[in-house]
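**Q**
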Amino acid sequence: MQAFVVSIIAGVFFPLLPLLAEYGITGEVQMDALVVTALVYVVAVGLVSRNQVIAISSFFFATICAVMYGVEKSGPPINHPDAFFHHYDLFIGGAIICTYSA
1 MQAFVVSIIA GVFFPLLPLL AEYGITGEVQ MDALVVTALV YVVAVGLVSR
51 NQVIAISSFF FATICAVMYG VEKSGPPINH PDAFFHHYDL FIGGAIICTY
101 SA
């Protein structure tokens, strides 16, 4: 049981510590920090997975995170009012992290 708790802390809590610290200090999480964390987290989970579906899908979702980061850095939503990722980036980034941490 002790090894399970340690693996949960090391595999889920520790990689998300920067987001929790940012939220604790500023009261919010910047979207680019969430997207970059999701990108790195998803790729790391995919690389250590023995399941081919998880490994391949992690690269797909990492690409989505990279596109979201590019859209986020391209300017405010006023410049691109019809950009899908400006409206749903928080939900998509959070969903990707939650899916791969489970």
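Sequential numbering of the sequence shown, starting at 1, is according to full-length UniProt numbering.
Quick reminder that beta carbons are idealized off the backbone N, C-alpha and C, glycines included.
Using C-beta distances below 8 angstroms, list every residue in its chain close to Y69, excluding the 5 sequence neighbours before and after it, in chain order.
**A** Position 69 of the sequence shown, counting from 1, holds the residue named residue 69. Around Y69: D32, V35, V36, L39.
**Q** Where does V5 sit, in a helix, a strand or coil, going by DSSP?
**A** Position 5 of the sequence shown, counted from the first residue, corresponds to residue 5. Here V5 sits in helix by DSSP.
**Q** May I have the straight-line CA-CA distance separating F4 from E22, to the nearest angstrom?
**A** As a position in the sequence shown, residue 4 is number 4, starting the count at 1. As a position in the sequence shown, residue 22 is number 22, starting the count at 1. About 27 angstroms.
**Q** Candidates L90, L17, A62: which alpha carbon is nearest E72's?
**A** Along the sequence shown, read from residue 1 onward, the residue named residue 72 stands at position 72. Nearest of L90, L17, A62 to E72, Cα basis: L90.
**Q** For Y88, count neighbouring C-beta atoms within 10 Å of its own C-beta (all shown protein chains included) and say buried if the count is 16 or more, exposed if not.
**A** Here residue 88 refers to the residue found at position 88 when the sequence shown is read from its first residue. Per the 10 Å Cβ criterion, exposed.
**Q** Can the beta-carbon of V42 be found closer than 7 angstroms to that of I8?
**A** Along the sequence shown, read from residue 1 onward, the residue named residue 42 stands at position 42. Along the sequence shown, read from residue 1 onward, the residue named residue 8 stands at position 8. Going by C-beta atoms, V42 is not nearer than 7 angstroms to I8.
**Q** If you drop the 5 nearest sequence neighbours on each side, which residues of the same chain put their C-beta closer than 6 angstroms to that of F61?
**A** Sequence index remark: in the sequence shown, residue 61 carries index 61 (1-based). Closer than 6 angstroms at Cβ, skipping near neighbours: V42, I96.
**Q** Could you pull out every residue in the same chain whose Cβ sits closer than 8 angstroms to the Cβ of S49, ignoring the five residues on either side in sequence?
**A** Residue 49 sits at position 49 when you count from the first residue of the sequence shown. The residues are A55, S58.
**Q** Measuring straight from C-alpha to C-alpha, what distance separates C65 and G93?
**A** By one-based count along the sequence shown, residue 65 stands at place 65. By one-based count along the sequence shown, residue 93 stands at place 93. Going by the C-alpha atoms only, they are around 7 angstroms apart.
**Q** Write down the C-beta distance between V29 and L19 rounded to the nearest angstrom, noting that I regard them as a contact closer than 8 angstroms.
**A** Residue mapping note: residue 29 aligns to position 29 of the sequence shown, counting from 1. Residue mapping note: residue 19 aligns to position 19 of the sequence shown, counting from 1. Correct: roughly 6 angstroms between the Cβ atoms.
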